[in-house]
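There are 2 protein chains.
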Amino acid sequence: MATLYFRLNPHLYLRDPQQTELGQKIISASVRLIDTLGFEQFTFKKLAEDIDSTEASVYRYFENKHRLLQYLVGWYWTWLEYRIDLFTSSLPSPQEKLKACIKVVASEKKFDDTFEFMDEEALHRIVVSELDKTYLTKQVDSDNREGLFGGFKLLCKKISAWVSEINPGYAYPHTLVSTILLTAKHQIFFAEHLPSLTDLNNTTTRHQQLETFLESLLIKTIT
Amino acid sequence: MATLYFRLNPHLYLRDPQQTELGQKIISASVRLIDTLGFEQFTFKKLAEDIDSTEASVYRYFENKHRLLQYLVGWYWTWLEYRIDLFTSSLPSPQEKLKACIKVVASEKKFDDTFEFMDEEALHRIVVSELDKTYLTKQVDSDNREGLFGGFKLLCKKISAWVSEINPGYAYPHTLVSTILLTAKHQIFFAEHLPSLTDLNNTTTRHQQLETFLESLLIKTIT
DNA sequence: CCAGTTAAGATAGCATTACTATCAAATAAG
DNA sequence: CTTATTTGATAGTAATGCTATCTTAACTGG
């Protein structure tokens, strides 16, 4: 069988975790652990114990836990772009593409068994809670120079191009798109933890509401 | 002289830092240090050395550095609401209030010498870089129960009420307002560090552009 | 003015974290 | 079969995030 494989920026890791058994165990276990413990409480020691390996071995794959998080988030953006391509490639107009795109961005992520070692639902929860931590650091500029945020930037660029196709005169396509991508995560977090900051309620229709909100935000702003 | 004093949620501190000299030194120095070092590199030990005091003394004011950050951000939201009140109270219509409000939210913060111990410009930079860290933690729910995010929530509620006044049928006033408040910070960060995620350029007109973007986002979405 | 409370400084200590380094065992590749 | 590579095992270290205790300084009420 043909396995789908995402080629991520090599600066994100020391040894490619997708290539080895230990590497894949590190990914699966870290997703599960960060999801349950939160990123601050997560350590390489706990991870190593969890997979019956050692701290030293984990350090051979990732420089530190922050890089590991950046790797996971990088994987997430690549995966999201892949899904957006899937649902938009057949659509003729940028309007339809944007709507389908919003649908993917706002949707509850269902388990995608294309990738055995990745629990996409847990990863989605991690992105909701930890995404901002990947770039809100003092090293953001050097990290950026190494291209560690390429996944996010690429996706933002692609969607912004559709916006500009619809309204070439609109001055803030990237600003608008990055706002929408971030808002999709933040509002889910608020619905779960700080409900007075949102109108989304914490139910099954939550993602439908988010989609409605984001779509009207996008469409009304650019037309 | 009558000094303006913000009454913040007492759960934010152990001893009120506004009341004592040491407390005020802790605030001033921590703002300066977090601004230069970043929150991760900032420690109570460095802070204590900086103000020629001891770690133990700092711990008598704040449970830990995370609470101190929450205190600073709480102070910021209270201060922002105070400024918004200042610029909107005389305006008759919610439309005008919202526009003035966006102006305050998007504006470059100029030093406000009403508060001697607070460097508002540095604090603003801290909020841009560290705001999300105040609630993106595993303890967010218990922190929220203690009312630690009251400043943000109150401001969001006030502005949302204006939105609902203009369009009572709009279903997402809080979602829209919290998005705008966060976006104001994130886009400044992007302009400085991840320019391909924004169209704001890193110049003096940056805040004017941000204001234009936010205003059109808000007005077009609710009308 | 003295007694008593409170704030602050001084110092010590401790478990955990975030690494780094070294060496040996297992395994896979030529 | 030998050699390079990967992993495991173990040790160690500086910094972090506290907690505890003791003393001195200051200020407060009677």
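Chains as they are written, first to last, in this note's numbering: chain A, 1 to 223; chain B, 1001 to 1223. We treat Cβ as the ideally placed atom computed from N, Cα and C, and that holds for glycine. Keep in mind the model is a prediction, meaning the values are calculated, not measured.
Check whether the Cβ atoms of Val-1163 of chain B and Leu-1155 of chain B sit closer than 9 Å, and answer yes or no.
The answer is no: Cβ separation not under 9 Å.
Three-state secondary structure (DSSP) at Ala-106 of chain A?
In this structure, Ala-106 of chain A counts as helix in the three-state DSSP scheme.
Among B:Glu-1211, B:Ile-1159, B:Tyr-1013, B:Lys-1157, which has the Cα closest to the Cα of Tyr-172 of chain A?
Closest by alpha carbon: B:Glu-1211.
Sorted by chain position, which residues of the same chain lie with C-beta nearer than 8 Å to Lys-46 of chain A's C-beta, five sequence neighbours on each side aside?
The residues are Leu-33, Leu-37.
Which term fits Thr-1114 of chain B, buried or exposed, when burial requires 16 or more other beta carbons within 10 angstroms of its beta carbon?
By the neighbour-count rule (16 or more Cβ atoms within 10 Å), Thr-1114 of chain B is not buried but exposed.
Anything in chain A within Cβ reach of Ala-1106 of chain B, meaning under 8 Å, just list it in chain order.
Within chain A, no residue comes near Ala-1106 of chain B; the closest Cβ sits about 12 Å away, beyond 8 Å.
Can you list, in chain order, the residues of its chain with a C-beta nearer than 6 Å to that of Glu-215 of chain A? Leave out the 5 residues immediately preceding and following it.
These residues qualify, in order along the chain: Ile-102.
For Leu-136 of chain A, name the three-state secondary structure that DSSP assigns.
DSSP places Leu-136 of chain A in coil when its eight states are reduced to three.
Give the residues of chain A in contact with Cys-1156 of chain B, contact being defined as C-beta atoms less than 8 Å apart.
Simply Ser-196, Leu-197.
Are the C-beta atoms of Lys-1099 of chain B and some chain A residue less than 9 Å apart?
Chain A, which has no Cβ nearer than 9 Å to the Cβ of Lys-1099 of chain B, makes this no.
Distance check for Glu-81 of chain A and Ala-29 of chain A, CA to CA, integer angstroms please.
Cα to Cα, the separation comes out at about 24 Å.
In whole angstroms, what is the alpha-carbon distance linking Ile-51 of chain A and Arg-1206 of chain B?
Computed Cα separation, rounded: 48 Å.
By the DSSP assignment, the alpha helix (DSSP H) with Thr-1179 of chain B in it spans what residues?
Its alpha helix (DSSP H) spans residues 1173 to 1193.
Quick one: grab the DSSP three-state call for Asp-1141 of chain B.
Of the three classes helix, strand and coil, the one that applies to Asp-1141 of chain B here is helix, per DSSP.
Can you tell me whether Ile-84 of chain A is helix, strand or coil according to DSSP?
In this structure, Ile-84 of chain A counts as helix in the three-state DSSP scheme.
Just verifying my parser: in three-state terms, what is the DSSP assignment at Ala-2 of chain A?
With a pLDDT of 46 at Ala-2 of chain A, under the threshold of 50, the predicted position of this residue should be treated as unreliable, and no value is reported.
Helix, strand or coil: which one does DSSP assign to Arg-15 of chain A?
Looking at Arg-15 of chain A - three-state DSSP - the assignment turns out to be coil, as it is neither helix nor strand.
Measuring alpha carbon to alpha carbon, tell me which of A:Gly-23, A:Leu-181, A:Gln-208, A:Glu-192 ends up nearest Trp-77 of chain A.
Among A:Gly-23, A:Leu-181, A:Gln-208, A:Glu-192, the Cα nearest to that of Trp-77 of chain A is on A:Leu-181.
For Pro-17 of chain A, would you say it is in contact with chain B, using Cβ-to-Cβ distances shorter than 9 Å as the test?
So, not an interface residue.
Which of the residues in the stretch 173 to 193 of chain A, read from start to end, lie with their CB under 8 Å from any CB of chain B?
Here the close residues are Pro-173, His-174, Thr-175, Leu-176, Ser-178, Thr-179, Leu-182, Thr-183, His-186, Gln-187, Phe-189, Phe-190, His-193.
Could you please give the first and the last residue of the uninterrupted alpha helix (DSSP H) stretch that includes Glu-1049 of chain B?
Counting along the chain, the alpha helix (DSSP H) containing Glu-1049 of chain B begins and ends at 1044 to 1050.
Under 7 Å Cβ to Cβ from Ala-1002 of chain B, same chain only, skipping five residues before and after it: list those, please.
For Ala-1002 of chain B, the predicted structure reports a pLDDT of 46, less than 50, and the residue's modelled location is therefore unreliable. A value from the coordinates is still provided. Same-chain partners within the cutoff: there are none.
Can you tell me whether Ala-1122 of chain B is buried or exposed? The criterion is at least 16 other CB atoms within 10 Å of its CB, across all chains shown.
Looking at its Cβ environment, which holds 16 or more other Cβ atoms inside 10 Å, Ala-1122 of chain B is buried.
The alpha helix (DSSP H) that contains Arg-125 of chain A, what's its start and end?
First-last of the alpha helix (DSSP H) with Arg-125 of chain A: 120 to 130.
Using a Cβ-Cβ cutoff of 8 Å, what residues of the stretch 1127 to 1161 of chain B are near chain A? List them in chain order.
Listed by position, the residues of the stretch 1127 to 1161 of chain B near chain A (Cβ gap below 8 Å) are Ser-1129, Glu-1130, Asp-1132, Lys-1133, Tyr-1135, Leu-1136, Thr-1137, Lys-1138, Val-1140, Asp-1141, Asn-1144, Phe-1149, Phe-1152, Lys-1153, Cys-1156, Lys-1157.
The ligand SAM and Ala-1106 of chain B: does any heavy atom of the ligand fall closer than 8 Å to the residue's C-beta?
Within the structure as shown, the ligand SAM is missing, as the structure has no ligands at all.
Return the CA-CA distance between Tyr-1005 of chain B and Tyr-1059 of chain B, expressed in angstroms with no decimal places.
So the alpha carbons of these two residues sit roughly 23 Å apart.
Using a C-beta to C-beta distance shorter than 9 Å, which residues of chain A count as neighbours of Gln-1041 of chain B?
Simply Lys-138.
List the endpoints of the continuous alpha helix (DSSP H) containing Thr-36 of chain A.
Start and end: 21 to 37.
As a quick exercise: from A:Ser-142, A:Ile-219, A:Lys-220, pick the residue whose alpha carbon is nearest that of His-1193 of chain B.
The shortest C-alpha separation from His-1193 of chain B is found at A:Ser-142.
May I ask which residues mark the beginning and end of the alpha helix (DSSP H) holding Thr-1212 of chain B?
Per DSSP, Thr-1212 of chain B belongs to the alpha helix (DSSP H) from 1206 to 1222.
How far does the alpha helix (DSSP H) with Phe-1152 of chain B in it reach, from first residue to last?
Its alpha helix (DSSP H) spans residues 1150 to 1166.
With a cut-off of 8 Å on the beta carbons, I'd call Tyr-61 of chain A and Pro-17 of chain A a contact; round off their distance for me.
Indeed, because the Cβ distance is near 5 Å, the residues count as touching under 8 Å.
Which residues bound the alpha helix (DSSP H) around Glu-55 of chain A?
Run containing Glu-55 of chain A: 55 to 59, per the alpha helix (DSSP H) assignment.
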